[in-house]
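Asks:
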Amino acid sequence: MVTGFLGDGDFHLVATLETGSPDEPPDEKLKRLADVILEKDPHPVSSGIGIAGLVDGKNGILITSPNLPGWDGYPVKLRLADILGCPVVMDNDANAFAFGAIRKGSIPPKGLWLTVTLGTGIGGTIVLDGEIVYGRGHAGEFGHATVKVDGKNCSCGSWGCWEKYASAGALSGYYLERTGISEGPMELSKLAAGGETAAIEAFEEFGGWLGVGLANLAQCFDPHGVFLAGGLSRAATYFIDAARTEFLKRCSHPWNVEILPSGSCAGAEGAALMAAESR
């Protein structure tokens, strides 16, 4: 799903769009998204877009995205700007989310902070003194750090990546292994709340792997703190204890991990704020 978020002064959500098949050609998908925007505002002054994957924000190119097959190398920024007739700002969706959190004061203005977004994959952002750290352009791809040398193949071309063990798909897989039944995170949260052993154990296994990756981040960055966000973070009550236990086994850094409440459109809101500030 692509979500359109239009700033009307207070940046209220005014429209969303179900984009249909992931195989839909990028030109068609962008055109449908642009139509939704233009219906609400025929003359937008700027637009922001956040996309999961490797994003070349400067040149406006989507290098690759696990959720958008066939989009590799696609000039999203140029195409969308042509259709909308306004400047477009483009970034990784995790960075867009973090930008919004910075501007709203959810992330402190001083210090080194990390955000880890848990969902279909694992996104990440490095924030230093209120600014996103990009490195050469793609810093913060925490989900593709290796946590198991001989682990599962990943869509990025590597294997054993953190997001193969601490993502929504991984959680569902842990439950499937125990029961032979496929369930999504929302249903598993309900089952865990009801005391079902298999669901509770699936969350604990997920939490253990989350703790492994968080310990790696602590060793590498020694941050002032880590903020967990994304859809899966809403189920933190079922996995946070396991994550903390594993973390403290593996490093001597203090456990300073908080849940940063976020709606499903937080990344879109951050992208809109990016666009507004670029004017």
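First residue of the sequence shown: 10, per the numbering used here; consecutive thereafter. Beta carbons: idealized from backbone N, C-alpha and C, even for Gly.
1) Within the same chain, show all residues whose beta-carbon is closer than 7 Å to that of residue 191, passing over the 5 residues directly before and after it, in chain order.
2) Kindly list the residues whose CB is nearer than 6 Å to the CB of residue 224, restricted to its own chain and excluding five residues on each side of it in sequence; keep chain order.
3) In angstroms with no decimal places, state the Cα-to-Cα distance between residue 46 and residue 211.
4) What distance in whole Å lies between the Cβ atoms of residue 249 and residue 216, which are believed to be in contact at a cut-off of 8 Å?
5) Counting along the chain, where does the alpha helix (DSSP H) carrying residue 221 start and finish?
6) For residue 96, which residues of its own chain have a beta-carbon under 6 Å away from its beta-carbon, when the five flanking residues on both sides are left out?
7) Under 7 Å from any heavy atom of the ligand SAH, does the C-beta of residue 32 make it?
8) Determine the burial state of residue 78: buried for a count of at least 16 other Cβ atoms within 10 Å of its Cβ, exposed for fewer.
9) Using the Cα positions of residue 238 and residue 209, report the straight-line distance between them to the nearest angstrom.
10) Please check the pair residue 75 and residue 61, which I expect to be a contact at CB under 8 Å, by giving their CB distance rounded to whole angstroms.
11) For the beta strand (DSSP E) that contains residue 57, what are its first and last residues?
12) Is it the case that the stretch 197 to 206 contacts the stretch 159 to 174, given that we only count it when at least three CB pairs across the two stretches are under 8 Å?
Replies: With the given structure in hand:
1) Position 182 of the sequence shown, counted from the first residue, corresponds to residue 191. Excluding sequence positions up to five before and after residue 191, its CB lies within less than 7 Å of the CB of 181 and 185, all in the same chain and listed in chain order.
2) Position 215 of the sequence shown, counting from 1, holds the residue named residue 224. Cβ neighbours of residue 224 beyond the five flanking positions: 256, 259 and 260.
3) Locating residue 46 in the sequence shown gives position 37, counting from the first residue. Locating residue 211 in the sequence shown gives position 202, counting from the first residue. For residue 46 and residue 211, the distance between alpha carbons rounds to 40 Å.
4) To locate residue 216, count along the sequence shown from 1; it is residue 207. To locate residue 249, count along the sequence shown from 1; it is residue 240. Indeed, because the Cβ distance is near 7 Å, the residues count as touching under 8 Å.
5) For the purposes of this step, residue 221 is taken as the residue at position 212 of the sequence shown. Residue 221 -> alpha helix (DSSP H) spans 206 to 230.
6) Indexing the sequence shown from 1 puts residue 96 at position 87. 55, listed in sequence order.
7) Summarising the ligand content, the structure contains no ligands, and the ligand SAH is consequently not present.
8) Here residue 78 is taken as the residue at index 69 of the sequence shown, counted from 1. Exposed, by the Cβ-count rule.
9) On the sequence shown, residue 238 is found 229 positions in, with the first residue counted as 1. On the sequence shown, residue 209 is found 200 positions in, with the first residue counted as 1. Each residue's CA atom was taken as its position, placing residue 238 and residue 209 some 20 Å apart.
10) On the sequence shown, position 66 is the one that residue 75 refers to. On the sequence shown, position 52 is the one that residue 61 refers to. Yes, residue 75 and residue 61 are in contact; Cβ-Cβ is about 7 Å, under 8 Å.
11) One-based indexing of the sequence shown puts residue 57 at position 48. DSSP places residue 57 inside the beta strand (DSSP E), whose first and last residues are 56 to 60.
12) By the Cβ rule, the stretch 159 to 174 does not count as touching the stretch 197 to 206, because fewer than three pairs are nearer than 8 Å.
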